[in-house]
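To keep things clear, I will list the structure first and then write my remarks on it.
Residue numbers (the working numbering): 49 to 161.
Quick look at the structure:
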């Protein structure tokens, strides 16, 4: 077994350790992986409220009335948003909504159309 520590791919903890020659474990999040089988996705993975993976250019539907700061209106349930762009951060969807303009949405409040 190797005595070296690796960075956990799930939580980025630097304290992951080798359990055997081909399996590593993270003490902070409990994630186990084989570094030889790990694929580098190389990108951002964003999931909607149902667990579907979203991609740039997808269309989504809002599943909850969303209040808009600085406006008396809100984005209504069932509003379809076309051509989304995925970004890093808390509000991980950038889009344009008719009647509101450019917006940043959280992926937990949308479902893939």
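Glycine included, C-beta positions come from ideal geometry on N, C-alpha and C.
Exercise. Counting only the same chain and skipping the five closest in sequence on each side, list residues whose C-beta sits under 7 Å from that of residue 145.
Key: Only 123, 127, 129, 151 meet the Cβ criterion.
Quiz item: residue 160 and residue 106: beta carbons closer than 8 Å?
Solution: yes
Quiz item: For residue 78, which residues from the same chain have a beta carbon less than 8 Å from its beta carbon, with the 5 sequence-adjacent residues on both sides left out?
Solution: none
Quiz prompt | Reduced DSSP secondary structure (H/G/I, E/B, other) of residue 80 | solution = Three-state DSSP puts residue 80 in a strand.
Practice problem: Go ahead and label residue 92 buried or exposed: buried means 16 or more other beta carbons lie within 10 angstroms of its beta carbon, across all protein chains shown. | Solution: exposed
Exercise. Please name the residue or residues paired with residue 159 in a DSSP beta bridge.
Key: Partner(s): 109.
Exercise. Could you please give the first and the last residue of the uninterrupted beta strand (DSSP E) stretch that includes residue 146?
Key: It is not in any beta strand (DSSP E) - residue 146 carries neither H nor E in the DSSP assignment.
Self-check item: Residue environment, residue 96, which counts as buried when at least 16 other CB atoms sit within 10 Å
Solution: buried
Quiz item: Grouping DSSP H, G and I as helix and E and B as strand, with all else coil, what is residue 63?
Solution: coil
Self-check item: Residue nearest to residue 155 in terms of C-alpha spacing, selected from 116, 59, 138
Solution: A check of alpha carbon separations from residue 155 across 116, 59, 138 identifies 138 as the nearest.
Practice problem: Using three-state DSSP, classify residue 101 as helix, strand or coil. | Solution: strand
Practice problem: Would you identify the three-state DSSP class for residue 119, choosing helix, strand or coil? | Solution: coil
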